[in-house]
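Below is one structure, written out as structure tokens; the observations come after it.
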Amino acid sequence: MGGDIVQISFGRGWRRVFDSPPRHMEIRRTKFSDIPNLSELTRRIIATTPYYSALARKEEIKKHDARALRQMLGEPKYYYCFVGLEDGKIVSFSIGRNEAGVYWGDWFGVMKNYRRRGFALAILKYRNQVLKKEKIHKIWSDTRSVNKESIALLGKMGHRKLGFFRNGWYKQDFFLWEKDL
Numbered sequence: 273m274g275g276d277i278v279q280i281s282f283g284r285g286w287r288r289v290f291d292s293p294p295r296h297m298e299i300r301r302t303k304f305s306d307i308p309n310l311s312e313l314t315r316r317i318i319a320t321t322p323y324y325s326a327l328a329r330k331e332e333i334k335k336h337d338a339r340a341l342r343q344m345l346g347e348p349k350y351y352y353c354f355v356g357l358e359d360g361k362i363v364s365f366s367i368g369r370n371e372a373g374v375y376w377g378d379w380f381g382v383m384k385n386y387r388r389r390g391f392a393l394a395i396l397k398y399r400n401q402v403l404k405k406e407k408i409h410k411i412w413s414d415t416r417s418v419n420k421e422s423i424a425l426l427g428k429m430g431h432r433k434l435g436f437f438r439n440g441w442y443k444q445d446f447f448l449w450e451k452d453l
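The sequence shown begins at 273 in this note's numbering and counts up by one.
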């Protein structure tokens, strides 16, 4: 696991972008000691997302429970897990995997009360820096076609829509995205 940590402070102009600035934001690779809190956060975010069917939420929660996260952290060259913290509390995450030099973004999320404060942007920028350093050359990801927040964020981060997939995973509609690093 890399020891790189990024700490971000917001100056006077933060109001133009975010609703309120984080008091103390830290973005880093996930540690094994984070698993209980991270698995609870992923469960809560996936369970309450309005964009997925009941079946999709159930299956995705199972794929990101504490056991699965432990396995992911045991393979740091294949899985990439990052957390965003405010004052030591995990409030955001990004999880994905390396497949032959292409990163597939599985999930990223921010705790509801911490949204619109820069956590999603910060964690994805940090993730991209780590991926570049580790010679990953491309990012692929998907969003539900109705997830306006993720669509806007990926567009802002320079991702391109590759296509629209009707009746895809869990029989729901998705956009596929790509970003060259």
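Using N, Cα and C, we set each Cβ at its ideal position, and we do this for glycine too. Computed from a predicted structure; not experimentally measured.
Item                                                                                                                : Value
Run of the alpha helix (DSSP H) containing Val-402, from where it starts to where it stops                          : 391-405
Start and end residues, beta strand (DSSP E) containing Lys-384                                                     : From DSSP, Lys-384 is part of no beta strand (DSSP E); its letter is neither H nor E.
Reduced DSSP secondary structure (H/G/I, E/B, other) of Leu-357                                                     : strand
Pair within 7 Å by beta-carbon distance, Ile-307 and Ala-340                                                        : no
Whether Ser-422 touches Phe-447 by CB criterion (7 Å)                                                               : no
Close Cβ partners of Phe-304 (< 8 Å) along its chain, the five nearest in sequence each way excluded                : Arg-342 and Leu-345
Nearest-angstrom Cα separation, counted from Lys-451 out to Asn-370                                                 : 14 Å
Close-in-space but distant-in-sequence residues of the same chain around Ile-277 (CB under 8 Å, 5 per side omitted) : Per-residue confidence for Ile-277 stands at a pLDDT of 48, beneath the threshold of 50, marking its modelled position as unreliable; the derived number appears in the next sentence. Glu-298, Ile-299 and Arg-300, listed in sequence order.
Inter-residue spacing [alpha-carbon to alpha-carbon] between His-296 and Val-402                                    : 21 Å
Inter-residue spacing [alpha-carbon to alpha-carbon] between Arg-288 and Leu-453                                    : Any reading at Arg-288 must be qualified, since the residue scores a pLDDT of 42, below 50, and its modelled position is unreliable; the value itself is stated next. Computed Cα separation, rounded: 27 Å.
Arg-388, buried or exposed, once every other Cβ within 10 Å from all chains shown has been counted against 16       : exposed
Boundaries (first-last residue) of the beta strand (DSSP E) holding Arg-432                                         : 432-437
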